[in-house]
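Peer 1:
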Amino acid sequence: FRSLYNLLTARYSSQPITVSNRGEAGEQLTFIGDSGPERSEETRLRYGSALTVEKPDAVLLLEGVNDFNVVGVSDDDIVGVLQRMVREARSAGAQAVYVATLPPQIPGLLRSGNAARVAPFNTKLKAMAAAENATAVDVYAAMIGNVNTLINTDDGLHPLPAGYVVMAETFFTAIKSTFEQTGTSTTVRLR
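The numbering of the sequence shown is the numbering used here, which starts it at 167 and goes up by one.
Below, the structure written as structure tokens:
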């Protein structure tokens with residue numbers, strides 16, 4: 167998120183901007199509990215703390231790919247957890263919630279065994295974002311044309327530095343379209 171911070175501070179240089187990355191590498195949102203798929207306790211506590219302590223104006227979510235490997239968890243289960251996270255952000259006072267589609271994967275490599283699942287998952291994710299009045303940030307569409315230069319060709323899953331820049335630019339465009347007001351001067355309604 168350093169790239170996103172740089173884009174925001176360059177454009178809105180007279181405003182204090184804080185970008186906090188509260189994501190956890192390898193985190194799974196869901197697990198199979200006694201009554202079926204549930205949100206992991208670690209995610210619930212970490213996310214709740216971030217909303218309570220930081221009181222963000224905007225929440226950016228890019229979650230779900232690690233859940234593809236949880237046996238018994240469907241795309242609908244993952245999207246349902248993300249829907250609850252969107253609602254929690256709104257309840258905590260976030261003015262805007264951005265839900266990113268998952269980046270494309272390069273099929274047939276070490277960690278890209280779910281490559282065919284990404285596009286259908288993203289379709290469901292975008293529908294949920296629209297239903298919840300959240301902004302869908304289409305990272306997948308921004309990266310799909312250059313996947314071999316944006317995604318690690320060793321594992322087929324993780325973005326390369328250039329991929330993270332594209333992701334930041336895609337979020338930046340969405341943030342501008344939500345908060346920026348046009349007129350004789352550029353104004354943004356961020357705290």
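Note that the Cβ used here is the ideal one computed from N, Cα and C, for glycine as well. These figures come from a predicted structure and were not determined experimentally.
Output the boundary residues of the alpha helix (DSSP H) element that contains TYR330.
Peer 2: Per DSSP, TYR330 belongs to the alpha helix (DSSP H) from 327 to 345.
Peer 1: Apart from the five residues just before and just after PRO201, which ones in its own chain have a Cβ nearer than 7 Å to its Cβ?
Peer 2: Note on residue identity: the sequence assigns Ser, not Pro, to residue 201. None.
Peer 1: In whole angstroms, give me the CA-to-CA distance for GLY214 and ALA281.
Peer 2: So the two alpha carbons sit approximately 30 Å from each other.
Peer 1: Cα-Cα, which of LEU276, PRO270 and SER343 is closest to GLY329?
Peer 2: Here the closest residue by C-alpha is PRO270.
Peer 1: Which ranges does the beta strand (DSSP E) cover as unbroken runs of at least 3 residues, wholly within the region 188 to 235, from first to last along the chain?
Peer 2: Runs of the beta strand (DSSP E) inside the region 188 to 235: 196 to 199, 202 to 205 and 224 to 227.
Peer 1: Taking its Cβ as the centre, do 16 or more other Cβ atoms sit within 10 Å of THR319, making it buried, or is it exposed?
Peer 2: THR319 should be labelled exposed.
Peer 1: Closest to LEU323 by C-alpha separation, out of ASN235, THR289 and PRO203, would be which residue?
Peer 2: Checking every option, the nearest Cα to that of LEU323 belongs to ASN235.
Peer 1: Can ASP223 and ARG277 be called in contact, C-beta distance under 8 Å?
Peer 2: Contact flag unset, no.
Peer 1: Compute the Euclidean distance between the alpha carbons of LEU173 and PRO286, then round it to the nearest angstrom.
Peer 2: LEU173 and PRO286: Cα-Cα distance of roughly 31 Å.
Peer 1: Output the distance between the C-alpha atoms of VAL247 and ALA262, rounded to the nearest integer angstrom.
Peer 2: Near 18 Å, if we compare the C-alpha coordinates of ALA262 and VAL247.
Peer 1: Taking DSSP as the reference, what is the three-state secondary structure of TYR264?
Peer 2: It is a strand residue.
Peer 1: Considering just the uninterrupted stretch of the beta strand (DSSP E) at ALA281, what are its terminal residues?
Peer 2: Unbroken run through ALA281 is the alpha helix (DSSP H), 281 to 297; no beta strand (DSSP E).
Peer 1: Taking the alpha-carbon positions, what's the MET333 to ALA308 distance?
Peer 2: So the two alpha carbons sit approximately 8 Å from each other.
Peer 1: Return the bridge partner residues of ILE317 from the DSSP annotation.
Peer 2: Beta-bridge pairing links ILE317 to PRO325.
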